[in-house]
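Residue numbers are given in the working numbering: position 165 of the sequence shown equals residue 188, and the series is strictly consecutive.
Ideal Cβ placement from N, Cα and C applies to all residues, glycine included.
Worksheet for the structure shown next.
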Amino acid sequence: MDFIGTIFNHGNNSDNSIVNGSGLVVADLIQPDQTSTFKNWDEVYGPYSEAGVPVSALMAEFNFADDANPVINPINIDGEGGELNARTPPFAPEDIIILTDGRCSSTCTIFVDHMVSKGVRTVAVGGRPRAGVMQAIGGIKGSEVLALSNIESMATTAASLLADSISSGSPILSDKNQTRFSQVNPIPLANFPLPISGSLNYLNTYTADDETTPTQFTYEAANCHIFYTAETLYKPSKTWALAANAT
């Protein structure tokens with residue numbers, strides 16, 4: 024990843040869709056305070072150490088304060104970002120319930136986290152048939168998932184940009200790092216003995232209260248735990264009624 028980031032941030036690659044969509048372009052990254060930026064790739068990558076594990080610097084999900092960003096504007100998160108037509112929330116947080124069977128991961132976890140931080144309650148249904156708490160989010164609490172094909176595209180693009188720099192007489196990486204990059208660069212998926220697909224958690228998520236522990240390693244019980252019944256299986260609306268009555 025360090026080699027790919029170094030290559031992607033060398034020169035002007037603004038017309039390369041793989042580079043722009045990688046999440047590794049320093050100019051597009053912002054720190055959690057939504058104000059500070061990063062000087063260079065080394066400041067982003069580090070690596071830094073948390074509990075003995077090498078990690079990158081903390082970054083915000085997006086620059087929500089950027090009104091000119093066509094992807095974010097006019098979504099308003101935590102009071103930042105573009106204007107919304109609705110001046111007041113349609114429902115008070117205490118009148119909103121998130122009902123989940125625990126099969127919540129990736130983008131779902133981000134949405135639930137934002138909602139819960141504003142006072143919305145969660146109800147978990149199902150799980151093991153025993154009394155006690157259950158997590159509303161049972162999947163990976165990551166910020167972004169990458170398919171193996173995405174990683175292959177990034178690695179292939181980096182190798183191509185590196186080859187171009189070598190041909191031009193201005194190699195991006197030193198001879199030593201060129202050798203190391205060729206050693207760690209993954210083989211094409213097409214060369215696997217069996218067709219394979221998959222994905223992995225690309226970015227960890229942290230909370231404002233704990234910037235050292237990825238949320239996927241924290242246990243967060245739902246506000247309430249209910250169970251399925253024969254009636255709820257035949258009439259799913261009864262599950263919502265149970266959740267409403269329980270809270």
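*Gly-161 to Pro-77 span [Cα, whole Å]*: 26 Å
*For the 8 Å Cβ check, are there 3 or more pairs between the segment 163–174 and the segment 112–129?*
yes
*Just the Cα atoms here: how many angstroms apart are Thr-58 and Val-48?*
17 Å
*asked:* Buried or exposed, going by whether 16 or more other CB atoms sit within 10 Å of the CB of Arg-151?
replied: exposed
*asked:* For the pair the segment 170–186 and the segment 208–223, tell me if three or more CB-CB distances fall below 8 Å.
replied: yes
_Rounded Cβ spacing between Ala-269 and Ile-249 (contact assumed at less than 8 Å)_ = 6 Å
*asked:* Please report the straight-line C-alpha distance between Pro-97 and Phe-114, rounded to a whole angstrom.
replied: Low per-residue confidence applies at Pro-97: pLDDT is 49, beneath 50, and the placement is therefore not dependable, though the value from the model is reported in the following sentence. Spanning the two alpha carbons is a distance of roughly 20 Å.
*If we ignore side chains and look at the alpha-carbon of each, how far apart do Ala-74 and Pro-237 end up?*
11 Å
*Would you list, in sequence order, the uninterrupted alpha helix (DSSP H) runs of no fewer than 4 residues that lie entirely inside the segment 210–263?*
253–257
*Count the other CB atoms, across all protein chains shown, that sit within 10 Å of the CB of Thr-235; report buried if there are 16 or more and exposed otherwise.*
exposed
_Member of Leu-185, Lys-199 and Gly-125 whose CA lies at the smallest distance from the CA of Ile-193_ = At residue 193 the sequence reads Ser, which differs from the Ile that was named. The shortest Cα separation from Ser-193 among Leu-185, Lys-199 and Gly-125 belongs to Leu-185.
*Whose C-beta lies closer than 6 Å to the C-beta of Phe-292 among residues of the same chain, with five residues either side of it excluded?*
The displayed coordinates of the chain run from 24 to 270. Any statement about residue 292 would go beyond what the structure contains.
*In the structure shown, what three-state DSSP assignment does Asn-96 receive?*
With a pLDDT of only 49 at Asn-96, under the threshold of 50, the placement of this residue in the model should not be trusted; the figure read from the coordinates follows. Of the three classes helix, strand and coil, the one that applies to Asn-96 here is coil, per DSSP.
*Val-148 and Tyr-251: beta carbons closer than 8 Å?*
yes
*Where does Pro-116 sit, in a helix, a strand or coil, going by DSSP?*
helix
*Can you name, in chain order, every residue of its own chain whose Cβ lies under 6 Å from the Cβ of Thr-255, other than the five neighbours on each side?*
Lys-261 and Thr-262
*In or out: Tyr-229 buried (at least 16 other Cβ within 10 Å) or exposed?*
buried
*Between the Cα of Tyr-225 and those of Asn-63, Gly-46 and Pro-112, spot the shortest distance and give me the residue it belongs to.*
Gly-46
*Given a threshold of 16 other Cβ atoms within 10 Å of its Cβ, counted over all protein chains shown, does Asn-63 qualify as buried or as exposed?*
exposed
_Could you compute how far the alpha carbon of Ser-272 sits from the alpha carbon of Ala-213?_
Given a span of 24 to 270 for the chain in the structure shown, any question on residue 272 remains unanswerable.
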